[in-house]
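**Student:**
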Amino acid sequence: MPDNLHSLPDWLQRGIVDFFPNEDNDSSESNLSRRLEESTKNKKPLRVKLGIDPTGTDIHLGHSILFRKLRAFQDAGHTAVLIIGDFTAQIGDPTGKSKTRIQLTQDEVDSNAETYLEQLGCSKEPSNSILDFKTPGRLEIRRNSEWLSKLNLVEVVNLLGTATVGQMLAKEEFGKRYSSGTPISIHEFLYPLLQAYDSFFVRADIELGGTDQKFNVAMGRDVQRHFHQRAQFGLLLPILVGLDGVQKMSKSLGNTVSLKEDALSMYSKLEKVPDSVIDSYIKLLTNLDTSNLPSNPRELQKLMALSVTSIFHGAEAGQSAQEGAARLVSGAQDSLINVLEVSLSNINFPVKAFYLLSALGLCSSSSEARRQIQGGGVRLDGAKVTDTALVFNEKSFLVGKVLQIGKKTFRRLAD
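Here our numbering is used: the first residue of the sequence shown is 614, the next is one more, and so on.
1. Report all residues from its chain with a CB closer than 6 Å to the CB of H691; omit the five preceding and five following residues, and keep chain order.
2. Tell me, please, which residues DSSP counts as bridged to Q1017.
3. Specify, as a first and last residue, the run of the alpha helix (DSSP H) that V1012 falls within.
4. Is the separation between the beta-carbon of L849 and that of I754 shorter than 8 Å?
5. List, from N- to C-terminal side, the alpha helix (DSSP H) runs of 4 residues or more that fit wholly inside the region 805-869.
6. Sorted by chain position, which residues of the same chain lie with C-beta nearer than 6 Å to S641's C-beta, five sequence neighbours on each side aside?
7. Does the distance from the C-beta atom of K1014 to that of D1028 stay below 8 Å?
8. At which residue ranges does the region 754-803 contain complete beta strand (DSSP E) runs of 3 or more residues, listed in the order of the chain?
9. Does the Cβ of H676 have 16 or more other Cβ atoms within 10 Å, making it buried, or fewer, making it exposed?
10. Taking 8 Å as the limit between beta carbons, can you name the residues of its chain near P615, skipping five residues before and five after?
11. Quick check: what's the CA-CA separation for L856 versus V767?
12. Are the beta-carbon atoms of L821 and K682 separated by less than 8 Å?
13. Buried or exposed for N959, please, with buried defined as at least 16 other CB atoms from any protein chain shown within 10 angstroms of its CB.
14. How is V955 classed by DSSP in three states: helix, strand or coil?
15. Given T718, which residues of its chain have a CB within under 7 Å of its CB, disregarding the five upstream and five downstream residues?
16. So, at 6 Å on beta carbons, what are the nonlocal neighbours of G1106 in its own chain, with the 5 sequence-adjacent residues on each side left out?
17. Please state whether DSSP places I629 in a helix, a strand or coil.
18. Which word fits G989, buried or exposed, when buried means at least 16 other C-beta atoms lie within 10 angstroms of its C-beta?
19. Express the C-alpha separation of V770 and D699 in angstroms, rounding to a whole number.
20. Assuming V998 is part of the alpha helix (DSSP H), what are its boundary residues?
21. Can you name, in chain order, every residue of its own chain whose Cβ lies under 7 Å from the Cβ of R751, other than the five neighbours on each side?
22. Roughly how many whole angstroms lie between the Cα atoms of Q826 and Q845?
23. Around the Cβ of Q985, are there at least 16 other Cβ atoms within 10 angstroms (buried) or fewer (exposed)?
24. My assumption, with CB atoms under 8 Å, is that L1026 sits in contact with V955. Please give the rounded CB distance.
25. With L695 as the anchor, note down where its beta strand (DSSP E) starts and where it stops.
26. Can you give the beta carbon distance from H804 to I704, rounded, assuming they're within the 8 Å contact cut?
27. Of all the options A918, V991, F925, which has the alpha carbon lying nearest to the alpha carbon of A939?
28. My output table needs one value for G664: the three-state DSSP class, helix, strand or coil.
29. For I852, is the classification buried or exposed, using 16 other Cβ atoms within 10 angstroms of its Cβ as the cut-off for buried?
30. Taking P622 as the reference, give the member of A689, T670, L679, V854 with the closest Cα.
31. So, does the region 718-728 touch the region 781-790, judging by three or more C-beta pairs under 8 Å?
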């Protein structure tokens, strides 16, 4: 737990694993509690920045942690500044990458951005959306192409002068790639500086980020100071562990729950997560009182799944999903006891879902498997599989589960 975390308001403490600067003094420059008190006294909302690069089409539960904290700031009366990184997305954040990312086109970024905003609830009332899009003064949506595309070469050179090569190589991913001889393109060094310039341009008081973004958030403070602006506070939240209970939640690992998934699929996935991650899911994805929870692990698992599903789909849909999942499990116990087994011994992992169906002989071809997935006809342990690009990385994740294609084809996956 970070020092002085207890000094922050209760609504802000939950889930925070690091914030900086974090000095025990009375200065609003280095003490976040004093900055919050100053905001209240002056009746001037803080500007809380969260930048997202729309490099994909789905927001999953791991991403939602930051958006939920941003909403908490909105509900406390502050201004959320949501930056759509339509310019920086074309460069690609090098964080967590062992090689240069493929650059996206402007059309791809724009299309992805629209799907992101829709999933965040831009067309819904505040009571039914992740962010509050309706209350005046609570949200600014900015695209960083507004200012970054207008920088001239002199301004870019000035920005580059705020950091050193040594600082860049201190960033873990860059350091590893440099040591191993893996190429680093010069434009990748620009990414943290450009997103840092965003903080200066929107005059951010606070920036939210995952723990893997500390370098970038700190760079924002440096750039603000370089341009003689009051520096932001960095506020970091953890990376959510995926459904496998081991690796971070990531679409490429096939261990995610997308916000676009229907309520039954979301609930069915969540009620099967390993016991080891339930506490963190409750803390990071729900508003449940952690001092008053069931002691029975199974009941706790079901409560977590119901709470998360209700947050993103509504209480009625969450309850319906829980009842539907119970009926599915009951039916599986009654009718699937003698389900035929199919061996995974000849499957090379990692494997894409559509290829798995074809390789196991459950679909006549990969094309047919894709059509089944796209048509909603494929389920794994009752949870609908909707992503044709879904990848299963390890055999152990699948062994023992029941794969359903259509209404009548069931196979239990065996080692």
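Think of the CB as a built atom: it goes at the ideal place given N, C-alpha and C, for glycine as much as any other residue.
**Tutor:** Taking the geometry as given:
1. Result list for H691: P658, L659, V661, in chain order.
2. Within the DSSP secondary-structure output, Q1017 pairs in a beta bridge with R992, F1023.
3. Per DSSP, V1012 belongs to no alpha helix (DSSP H) and is neither H nor E.
4. Contact flag unset, no.
5. Every alpha helix (DSSP H) of 4 residues or more that sits fully in the region 805-869 is shown, in chain order, as 827-839.
6. Cβ neighbours of S641 beyond the five flanking positions: R647, R648, E651.
7. No.
8. Residue ranges of uninterrupted beta strand (DSSP E) with 3 or more members are absent from the region 754-803; none lies entirely inside it.
9. Per the 10 Å Cβ criterion, buried.
10. Take P615, set aside five residues on each side of it, and the residues of its chain with a beta-carbon closer than 8 Å to its own are I629, V630, D631, F632, N635, in chain order.
11. Computed Cα separation, rounded: 48 Å.
12. A distance below 8 Å separates the beta carbons of L821 and K682.
13. Under this definition N959 is an exposed residue.
14. In the displayed model, V955 falls within a strand according to three-state DSSP.
15. In its own chain, leaving out the 5 sequence neighbours on each side, no residue places its CB closer than 7 Å to the CB of T718.
16. Shown here, the chain extends from 614 to 1028; a query on residue 1106 therefore has no answer.
17. For I629, the three-state secondary structure derived from DSSP is coil.
18. Exposed, because fewer than 16 other Cβ atoms sit within 10 Å of the Cβ of G989.
19. Taking the straight line from one Cα to the other gives about 21 Å.
20. Counting along the chain, no alpha helix (DSSP H) covers V998, and no H or E run does either.
21. Within the same chain, Cβ atoms closer than 7 Å to the Cβ of R751 are found at Q687, T692, A693, D745, the five residues on either side in sequence being excluded.
22. So the alpha carbons of these two residues sit roughly 14 Å apart.
23. Label assigned to Q985: buried.
24. By a beta-carbon distance limit of 8 Å, L1026 contacts V955. Their separation comes to about 6 Å.
25. Segment 692-697, the beta strand (DSSP E) holding L695.
26. Note on identity: in this sequence residue 804 is Tyr, with His being the wrong assignment. Contact holds; Cβ gap of about 5 Å.
27. The shortest C-alpha separation from A939 is found at A918.
28. Three-state result, G664: strand.
29. The residue in question, I852, is buried, as its Cβ has 16 or more Cβ neighbours within 10 Å.
30. Residue A689 is the option with its Cα nearest to P622.
31. In short, these stretches do not touch, since the Cβ pair count stays below three.
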